[in-house]
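Residue numbers (this note's numbering): 185 to 337. Virtual Cβ for every residue (Gly too), placed ideally from N, Cα, C.
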């Protein structure tokens, strides 16, 4: 099995022109990111990046878009700890990854790389994903967060 390697908020302010009445202001078109379906879950790590999924037929990574990757944890009624990796596309909020985490989950990161690889089970098949973040520091933090959650399961 090949390893997943590839080489290589807007600020708002107020001014004198913003001192309009509520009736004169334009409607706010920006919307908050959705957390639907995440009730009762705690986000232990969040990072923005690009998500890729390995296409075994084409033998290449398929670009799933830019989004916010979250590692969410929660406890079941029986007290068992559960976790998942969730990623929604930034513009459409379409879910591009929703995978349960498990104790022996494989995570890969090379020290000076911006990519973090993850082997998840999707539709009962092992599927390789890769996340490309902005900096190597963010990649290291993501790897550490994934490892910490995996170790706690």
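Out of the options, point me to the one whose CA is closest to residue i's CA.
i: residue 281; options: 271, 290, 275, 288; result: 271
i: residue 245; options: 313, 291, 293; result: 313
i: residue 277; options: 324, 333, 336, 232; result: 232
i: residue 289; options: 237, 248, 337; result: 337
i: residue 298; options: 285, 286, 315, 306; result: 315
i: residue 224; options: 331, 310, 261; result: 261
i: residue 295; options: 325, 311, 306; result: 325
i: residue 240; options: 320, 331, 253, 311; result: 311
i: residue 390; options: 331, 243, 238; result: The structure shown does not extend to residue 390, since the chain spans only 185 to 337, so no value can be given for it.
i: residue 226; options: 321, 331, 257; result: 257
Starting from residue i and walking both ways along the alpha helix (DSSP H), at which residues does that stretch end?
i: residue 332; result: 320-336
If residue i sits next to residue j, beta carbons under 8 Å apart, how far is it from one beta carbon to the other, in whole angstroms?
i: residue 329; j: residue 255; result: 6 Å
i: residue 269; j: residue 302; result: 7 Å
i: residue 333; j: residue 285; result: 6 Å
DSSP three-state label for residue i, please.
i: residue 239; result: strand
i: residue 293; result: coil
i: residue 233; result: strand
i: residue 317; result: strand
Less than 7 Å between the C-beta atoms of residue i and residue j, yes or no?
i: residue 143; j: residue 304; result: The shown model of the chain, from 185 to 337, leaves out residue 143, and the question about it has no answer.
i: residue 293; j: residue 327; result: yes
i: residue 265; j: residue 259; result: yes
i: residue 335; j: residue 300; result: no
i: residue 234; j: residue 250; result: yes
Would you kindly report the start and end of the unbroken beta strand (DSSP E) that includes residue i?
i: residue 285; result: Note, residue 285: premise wrong, no beta strand (DSSP E); not H, not E.
i: residue 247; result: 244-259
i: residue 267; result: 265-273
i: residue 278; result: Neither: residue 278 is in no beta strand (DSSP E) and is coded neither H nor E.
i: residue 301; result: 299-306
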